[in-house]
Amino acid sequence: MRDIRLIGDPVLRTPAEPVTVFDRDLRRLIDEMFAAMYAVDGVGLAGPQIGVSRRLFVYDIAGRKGHVINPELTVDDPEPMVDEEGCLSVPDRATRTPLYAPTSRASGVSITGADRLGRPLGLRARGPLARCFQHETDHLDGMLYVDRLPKDAARRVLLQAG
Numbered sequence: 001m002r003d004i005r006l007i008g009d010p011v012l013r014t015p016a017e018p019v020t021v022f023d024r025d026l027r028r029l030i031d032e033m034f035a036a037m038y039a040v041d042g043v044g045l046a047g048p049q050i051g052v053s054r055r056l057f058v059y060d061i062a063g064r065k066g067h068v069i070n071p072e073l074t075v076d077d078p079e080p081m082v083d084e085e086g087c088l089s090v091p092d093r094a095t096r097t098p099l100y101a102p103t104s105r106a107s108g109v110s111i112t113g114a115d116r117l118g119r120p121l122g123l124r125a126r127g128p129l130a131r132c133f134q135h136e137t138d139h140l141d142g143m144l145y146v147d148r149l150p151k152d153a154a155r156r157v158l159l160q161a162g
């Protein structure tokens, strides 16, 4: 089982490299990512969160489950939706559970990329799935959800994180 990398680990702040090889090792990595995500009751997990600086993520949220390799995200509906958001890589120092804060995201997005066999895929999302796609894509760009928070909220989360 791969460990979840925590805030402060440089891999979380480094843009991930594109996936170029679609082989058995990649399929095994995706399976390991799902296992790591489920082990900590997550709904999404990006490569950098397990120390793999590759552009891929897995998700299982709002009745939808899958993975996206080399995602490209497009905002379809920029109307802001604000909801509680947390991250497996930003846990409370004492409880080791994700810290949540109201976070603004676009209401609707489209994502293109590839599946585990290298076949093209395209998905549209609204609500929690759209939030998840944006959150995981941010990870691939070296961003954390706290970067999207107002300064006072980010400070509060970071003081508890560790």
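Residue numbering for the sequence shown follows the UniProt record's numbering, starting at 1 and increasing by one per position. All C-beta atoms, glycine included, are put in the ideal place defined by N, C-alpha and C.
Using a Cβ distance threshold of 8 Å, Y59 and G44 count as a contacting pair.
For F133, the enclosing alpha helix (DSSP H) has its first and last residue at G127 to L140. Comparing C-alpha distances from R54 to each of E17, A130 and L29 shows the shortest one belongs to E17. With distances taken between CA atoms, P78 lies nearest to G108 out of R27, D31 and G108. In this structure P91 touches A161 by the C-beta definition: roughly 7 Å separates them, less than 8 Å. Remark: three or more beta-carbon pairs, one from each stretch, lie closer than 8 Å, so the stretch 132–143 and the stretch 97–117 are flagged as touching.
Burial state of V68 is buried, judged by a 10 Å Cβ sphere holding 16 or more other Cβ atoms.
Here A35 has M1 as same chain residues with Cβ atoms under 7 Å from its own Cβ, once five neighbours each way along the sequence are excluded.
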